[in-house]
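The working numbering runs 35 ahead of the 1-based position in the first sequence.
Beta carbons: idealized from backbone N, C-alpha and C, even for Gly.
Here's the structure, in structure tokens; my notes come after.
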Amino acid sequence: MERRTRVRFAPSPTGPLHMGGVRTALYNYLYAKQKGGDFIIRIEDTDSNRFVPGAEEYIIEALNWCGIIPDEGVDKDGKVVETPSPRHPHAPYRQSQRKPIYRKYAEQLIANGYAYYAFDTPEELEKARSDAEASKETFIYNQVTRMSMRNSLTLPSDEVERLLAETTGWTIRFKMPVDTVVKMDDLIRGHIEVNTDTLDDKVLWKRADELPTYHLANIVDDHLMEISEVIRGEEWLPSLPLHYMLYKAFGWEDTMPRFAHLSLLLKPVGNGKLSKRDGDKMGFPVFPLRWTNPEGETSRGYREDGYFPEAFVNMLAMLGWNPGDDREMFSMEELIGAFSLDKVQKAGAKFNPEKAKWYNREYLRMKSDEELTDLLVPVLEEHGINIVECPKCALTAGAEFNVAGGDLEKHIFTKDYVQSVVAFTKERATFVNDFWTIASYLFVAPRDFERFGIKAGAAVEQTDQKRPVDPRAKVYDDTLTAPYLAKDVDKFWKPEIVEMVLKVGDFIKGFAGEWTVEEVEKGIEEFIKGNEWPMGKVMNAIRLALAGSASGLGIADIVARIGKKETAARLESAVSKLNS
RNA sequence: GCUGGGUUCGUAUAACGGUUAGUACUCAAGAUUCUCAAUCUUGCAAUAGGAGUUCGAUUCUCCUACCCAGUACCA
Numbered sequence: 036m037e038r039r040t041r042v043r044f045a046p047s048p049t050g051p052l053h054m055g056g057v058r059t060a061l062y063n064y065l066y067a068k069q070k071g072g073d074f075i076i077r078i079e080d081t082d083s084n085r086f087v088p089g090a091e092e093y094i095i096e097a098l099n100w101c102g103i104i105p106d107e108g109v110d111k112d113g114k115v116v117e118t119p120s121p122r123h124p125h126a127p128y129r130q131s132q133r134k135p136i137y138r139k140y141a142e143q144l145i146a147n148g149y150a151y152y153a154f155d156t157p158e159e160l161e162k163a164r165s166d167a168e169a170s171k172e173t174f175i176y177n178q179v180t181r182m183s184m185r186n187s188l189t190l191p192s193d194e195v196e197r198l199l200a201e202t203t204g205w206t207i208r209f210k211m212p213v214d215t216v217v218k219m220d221d222l223i224r225g226h227i228e229v230n231t232d233t234l235d236d237k238v239l240w241k242r243a244d245e246l247p248t249y250h251l252a253n254i255v256d257d258h259l260m261e262i263s264e265v266i267r268g269e270e271w272l273p274s275l276p277l278h279y280m281l282y283k284a285f286g287w288e289d290t291m292p293r294f295a296h297l298s299l300l301l302k303p304v305g306n307g308k309l310s311k312r313d314g315d316k317m318g319f320p321v322f323p324l325r326w327t328n329p330e331g332e333t334s335r336g337y338r339e340d341g342y343f344p345e346a347f348v349n350m351l352a353m354l355g356w357n358p359g360d361d362r363e364m365f366s367m368e369e370l371i372g373a374f375s376l377d378k379v380q381k382a383g384a385k386f387n388p389e390k391a392k393w394y395n396r397e398y399l400r401m402k403s404d405e406e407l408t409d410l411l412v413p414v415l416e417e418h419g420i421n422i423v424e425c426p427k428c429a430l431t432a433g434a435e436f437n438v439a440g441g442d443l444e445k446h447i448f449t450k451d452y453v454q455s456v457v458a459f460t461k462e463r464a465t466f467v468n469d470f471w472t473i474a475s476y477l478f479v480a481p482r483d484f485e486r487f488g489i490k491a492g493a494a495v496e497q498t499d500q501k502r503p504v505d506p507r508a509k510v511y512d513d514t515l516t517a518p519y520l521a522k523d524v525d526k527f528w529k530p531e532i533v534e535m536v537l538k539v540g541d542f543i544k545g546f547a548g549e550w551t552v553e554e555v556e557k558g559i560e561e562f563i564k565g566n567e568w569p570m571g572k573v574m575n576a577i578r579l580a581l582a583g584s585a586s587g588l589g590i591a592d593i594v595a596r597i598g599k600k601e602t603a604a605r606l607e608s609a610v611s612k613l614n615s
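The following block contains the structure:
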């Protein structure tokens, strides 16, 4: 009979979960959901020294943001469950609260001869290590050295009794068997064999905080919680033999979970695993959510950087796994259907921030204009733009909306106006915030004018500092607009281009055709051609006046939205600002 | 050092032992356009090295190199 699939994600609350951890959680979740099983959260906080306040909450919130929702271990309010209930039968799910459980299992191991008490102090161990180092060796507490240490194997039993009764200064160590080949199977890596002679007597119970170590707590809990598969990071592979031995020592071999060790996420350049520093240095987040540590240092998060959780999850899923074909866009549901451990890559995957952006762009494009509009409205409001649902309600008294639905002077716009902006700039954006960068001038007049990357203000300033000729004038000569840019820097435009711009302004003011992008475009083009003006130069000059930049959206797209009045006003204002 | 794991274009990856070694991202060029994007087309670019098994090896075996992890009373 097949046993129910139950997997767990067991983070340690020592800090924020980083994207590698999210991927491990994701793969666990996908595996569980595909098999119709349970995904369990367990908090492994058996190291009282490394506990970080807020880390546990962060981890749960991060998973929640990603849509990785636990079946067990965390309640609806996002709290780790502490008391058993039908849905959470194995509570508490925090190991620090399960302390009484572990003790008896540790003693069981001793009673059966699989473990022993060790009384060596940290100082003694330290000395043994440094002595070994002095003779260029490494001290390992194992089957050969254990007999020369102070433990229940070497000390007379009455001395052991006395030490146990009189002090808390003892640990419990696993008694690793001699010359035994441990044969293991990993769902991703296949068969692995290790000889126990290369292994050490790991501490199972710590004297320091009187709690079990990871190894003991982990095996006991996985057994008690009826975990069927353990999917965890590669850093655990070296301790897999110990874990196998532990299952054997407890007599739990029949229900031992199957193991899958995931490769690590590597930094984009160079070697080594992805770390917090890489993100800071190379400008991408390594955490799902923003995190501020107890010292007050903040690390950016994918959520705050504007990534959609679906894009983040999709990108993460494809880092080390593939569906076996060329597909690369997957919703969570599709991932659940397609996921398979044997398609998981053995080698570590270098994270590629560019691909993450690409995913976000793809997801942004898949979103409806309505949805994006709703996401954009708050961004616009942050920039002092007011958005109204209805153009005629009391709120908008005094506003004079143009045909497109905007009052540029009062900075009030209808939602329809915003949506039309979204619709035609969508393909240029990667993040919702990009809409502002791309199209702010459809909401507010440009404050300064940029010429091929050079701000007008800056150029003028330089002139003032007795530099009559802009040293970058040569740059202009190579550009399309160059012949129409004045060389003396005081004036951006030659008189003839000023005249053209102003005439286009007049033409638009008196435009009688239908006020649509297509008609406006046709009108302007015919007007320019009719005068036999060079299309490119005039258009670029107009764009500079309307958008403040030499590159950007189509002229007709801008004009049709900001309206006649605003267009003419910006053209005039640009002429006076740029040429005064 | 020791133990274990890993190695296909720059990156992520595909390829029952038989393919001109495919795809995506990035990059470059061209087309298009009033500019910039977008889009379309094209292009650049890989089996770490060496033995062996085999008619035939990216694929199996071994050796070497390199990378990663572990080597805590951390997880």
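Bounds of the alpha helix (DSSP H) holding residue 542 are 530 to 544. Excluding its 5 nearest sequence neighbours in each direction, residue 452 has C-beta neighbours in its own chain below 6 Å: 439, 440, 441, listed in chain order.
Counting C-beta atoms within 10 angstroms of its own C-beta, residue 436 has 16 or more neighbours from the protein chains shown and is therefore classed as buried. Under the 10 Å beta carbon count, residue 531 is surrounded by fewer than 16 other beta carbons and is classified as exposed. From the listed residues 280, 227, 261, the smallest Cα separation to residue 251 is found for 280. Contact annotation: residue 357 and residue 378 have beta-carbon atoms nearer than 8 Å.
When secondary structure is reduced to three states using DSSP, residue 239 falls in the strand class. By a beta-carbon distance limit of 8 Å, residue 548 contacts residue 554. Their separation comes to about 5 Å. Judged by beta-carbon spacing, residue 216 lies beyond the 8 Å limit of residue 201, meaning their Cβ atoms are not closer than that value.
Distance from the Cα of residue 334 is smallest, within the candidate group 322, 344, 365, for 322.
DSSP assignment within the stretch 319 to 405 yields the following whole alpha helix (DSSP H) runs of 4 residues or more, N-terminal first: 344 to 352, 367 to 373, 388 to 401. Residue burial is scored here from C-beta neighbours: residue 264 has at least 16 other C-beta atoms within 10 angstroms and is therefore classed as buried. Beyond the five residues adjoining it in sequence on each side, residue 314 comes within less than 6 Å, by CB distance, of 320, 321 in the same chain, given in chain order. Setting aside the 5 residues that flank it on each side, residue 427 has no residue in the same chain whose C-beta is closer than 6 Å to its C-beta. Fewer than three Cβ pairs drawn from the stretch 366 to 381 and the stretch 81 to 96 lie within less than 8 Å of each other, which leaves the two stretches out of contact. Between residue 587 and residue 596 the beta-carbon gap is near 13 Å, outside 8 Å, which marks them as no contact. Straight-line measurement puts the Cα of residue 242 at about 29 Å from the Cα of residue 330. Using a Cβ distance threshold of 8 Å, residue 274 and residue 383 do not count as a contacting pair. Taking the Cα of residue 89 as reference, the smallest distance to any Cα among 424, 51, 167 is reached at 51. Contact annotation: residue 186 and residue 154 have beta-carbon atoms nearer than 8 Å. Judged by beta-carbon spacing, residue 386 lies beyond the 8 Å limit of residue 324, meaning their Cβ atoms are not closer than that value. Exclusion of the five residues before and after residue 190 leaves 154, 198 as the residues of its chain whose Cβ lies within less than 8 Å of its Cβ. Secondary structure of residue 185 (DSSP, three-state): coil. A buried status is given to residue 296, since no fewer than 16 other beta-carbon atoms sit within 10 Å of its beta-carbon. Beyond the five residues adjoining it in sequence on each side, residue 444 comes within less than 6 Å, by CB distance, of no other residue in the same chain. Nearest to residue 270 by C-alpha distance, out of 160, 352, 56, is 56. The alpha-carbon of residue 206 is positioned some 18 Å away from that of residue 278. Residue 169: not part of any beta strand (DSSP E); member of the alpha helix (DSSP H) spanning 157 to 169, first to last residue.
Taking 8 Å as the cut-off, the beta carbon of residue 71 is found no closer than this to the beta carbon of residue 42. The secondary-structure analysis by DSSP pairs residue 56 with nothing; it has no beta-bridge partner. Check the Cα spacing between residue 261 and each of 292, 249, 316, 328: the tightest is with 292. Residue burial annotation: residue 80 is buried, with at least 16 other C-beta atoms found within 10 angstroms of its C-beta. Where residue 594 is concerned, the enclosing alpha helix (DSSP H) starts and stops at 590 to 613. The way I'd put it, the stretch 133 to 146 doesn't touch the stretch 103 to 113; fewer than three beta-carbon pairs between them come closer than 8 Å. In the DSSP secondary-structure assignment, residue 440 is not bridged to any residue. If you compare the alpha carbons of 268, 302, 283 with that of residue 316, the shortest gap goes to 302.
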